[in-house]
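Following: one structure in structure tokens, then a few remarks.
Chains as they are written, first to last, in the numbering used here: chain A, 27 to 218; chain B, 1291 to 1692.
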């Protein structure tokens, strides 16, 4: 009993001290994943919410390149086998002289530019119509699901003698993850 | 305020030594760690804000626009980049330091409290064992000993305790032996006396019979008849004495079963329905079941009621009563048998439960001795409170065991 009472006091004091510190590290999460069927391809779209905490947003306006890597896997539900893994990368870079953001996407050569930080951050965390697999690779007799996760890349810190730091710190080293419901291959497979 | 102080003081007095020591340890740990942690957090937060100024940011930003050459522009851009990175990194590093401080303080508090608890338990365990052992000794478990502890003051205390328990057990054993010896001496004396009593008439009758036979007396047949009657009567008395001795010596162990005692008491009272006065029963509920040998307790209770009725008859009281009451508490069942008979003198009370002691003309002194023995075999107790010419109360207690 004595020990429990002591432990309770200790935990209470920790909660008290813990409440004294506030850190801005919102947890990034995926909103709904949309599966898009094109003529010969299957693509997907998804969006990361709370990807940029205020600290990460501040870091982005320092001119530090912030890379977001997205990993998408299409798996067969029956045996959990991997059909394809797609890795795409969004990089956001703030040009200090022009005061504009440039967004680079690994799956296109086009670069988007904006001077509005909110727009830039939203675009960086939105992945639209990412090509996944050819429809003829899908079996109509099977079911499939897509799992997606994202990680932040590393960045060079000139202010720290060019040391490279892992930006995942800003996500508390937790990868946002989403997995779709299983869907029948028949709905996606190319009609013969 | 005084009332609160008194309340706290009373509580602290009630607390055991380990609890007091443990609470003191908790207070010391909290008082020493929490202020340091709070200070380190506040200092870190202040440090994070040092050198952060929007004016610097604006100035560096303007210097990019105002740069006259590409090199100057690059230098200004790098400066602003470093400044902004520094601001974010400083906040990040400080928040890490603060989190580390909290985690470190938390772990330290838990480790110190855990270690303190184990340490205090280790120190106070022998004291707890000593207390428990002292309680056992107080409850007659004289064979209990504490495992020896090597070295230190506790070890010496344990040795002293065990020696004391040894001495106590030896003294108790000697006392029991002395009491047993005294009892047997007394019993032997009583038996010798009881045997001697019938021997005299037997001897006299035999001598008379012999004289009449030698002198060829005419009334020899009549003398034979009367002396034979006397001799047989005295032999019957001797037989009775031997039987009672046998009964006491060979009394069996009780066969314990879980019952309620009230139906058994009611049965015994029914046996005395025709007697005057008729015994009355008062029951204070609840009276839980407990383990007893119904046959033996029936005998003991019958004997007590019979004694009460005889005491009332001897007092020649008209408004006599025999009152039996039953009650219980958390640990025991209590039965009392009270009467307003002749009462027992203080001197006789002291010998009441001794075998072959009786104040009655035809008593063999076995009844109360057997009653006491039955109660003892049930791990119970019996006591007597009596005032001569006023009355007597026998109080019986039996433990309730799960």
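C-beta atoms are modelled at their ideal positions from N, C-alpha and C, and glycine is treated no differently.
Inset, instruction - Would you check if the distance between the CB atom of residue 1628 of chain B and the CB atom of residue 1613 of chain B is smaller than 8 Å? - result: yes
Inset, instruction - Let me know the secondary structure DSSP gives residue 1429 of chain B once reduced to three states. - result: coil
Inset, instruction - Measuring only between beta-carbons, confirm whether residue 1633 of chain B sits less than 8 Å from chain A. - result: no
Legend entry - the region 1653-1670 of chain B / the region 1534-1544 of chain B touching (three or more Cβ pairs under 8 Å): yes
Legend entry - Whole-angstrom distance between residue 81 of chain A and residue 1382 of chain B, CA atom to CA atom: 8 Å
Legend entry - Under 8 Å from the C-beta of residue 1363 of chain B: neighbouring residues of chain A: 123
Legend entry - Bridge-paired residues (DSSP) for residue 139 of chain A: A:128
Legend entry - Where residue 41 of chain A sits in the DSSP three-state scheme: Low local confidence applies: a pLDDT of 48 at residue 41 of chain A is under 50, so the model's placement there is unreliable, and no value is given.
Legend entry - Residue environment, residue 1371 of chain B, which counts as buried when at least 16 other CB atoms sit within 10 Å: buried
Legend entry - For residue 1572 of chain B, the first and last residue of its enclosing beta strand (DSSP E): 1570-1573
Inset, instruction - Look at the alpha carbon of residue 1392 of chain B and the alpha carbon of residue 1398 of chain B, and state the distance between them as a whole number of angstroms. - result: 10 Å
Legend entry - Length of the line joining the Cα atoms of residue 1540 of chain B and residue 1645 of chain B: 13 Å
Legend entry - residue 1331 of chain B to residue 1429 of chain B span [Cα, whole Å]: 58 Å
Legend entry - Own chain, CB closer than 7 Å to residue 48 of chain A, minus 5 neighbours either side, in chain order: Here the model assigns residue 48 of chain A a pLDDT of 41, short of 50, so the residue's position is not dependable, and the following value carries that caveat. Excluding sequence neighbours, residue 48 of chain A sits near nothing in its chain.
Inset, instruction - Have a look at A:159, A:200, A:215 and flag the residue whose alpha-carbon is nearest the alpha-carbon of residue 99 of chain A. - result: A:159
Legend entry - residue 1357 of chain B (DSSP reduced to helix, strand or coil): coil
Legend entry - Contact list for the region 86-102 of chain A against chain B, Cβ threshold 8 Å: 87, 88, 89, 90
Legend entry - Neighbour flag for residue 49 of chain A against chain B, beta carbons, 8 Å: Below a pLDDT of 50, predicted positions are generally treated as unreliable, and residue 49 of chain A, at 44, falls in that range; no measurement from the model is reported.
Inset, instruction - Look up residue 202 of chain A in the DSSP assignment and give the residues it is bridged to. - result: Per DSSP, none; premise fails for residue 202 of chain A.
Legend entry - residue 112 of chain A, DSSP secondary structure in three states: strand
Legend entry - Sequence-distant residues of its chain with Cβ nearer than 7 Å to residue 1474 of chain B (five each side left out): none
Inset, instruction - Select from A:56, A:55, A:60, A:53 the residue whose C-alpha is nearest the C-alpha of residue 209 of chain A. - result: A:60
Inset, instruction - Taking only beta-carbon positions, decide if residue 183 of chain A is within less than 8 Å of chain B. - result: yes
Inset, instruction - Measuring only between beta-carbons, confirm whether residue 1378 of chain B sits less than 8 Å from chain A. - result: yes
Inset, instruction - Quick one: using the 10 Å Cβ neighbour count with 16 as the cut-off for buried, is residue 1307 of chain B buried or exposed? - result: exposed
Legend entry - Delimiting residues of the alpha helix (DSSP H) encompassing residue 1455 of chain B: 1442-1504
Inset, instruction - Look at the alpha carbon of residue 1605 of chain B and the alpha carbon of residue 1451 of chain B, and state the distance between them as a whole number of angstroms. - result: 54 Å
Inset, instruction - Evaluate the contact criterion for the region 107-116 of chain A versus the region 196-208 of chain A: three or more CB pairs, one atom per stretch, below 8 Å. - result: no
Inset, instruction - Round the Cβ separation of residue 56 of chain A and residue 174 of chain A to the nearest angstrom and send it over; I've been treating them as touching at under 8 Å. - result: 6 Å
Legend entry - residue 192 of chain A versus residue 119 of chain A - alpha carbon distance: 17 Å
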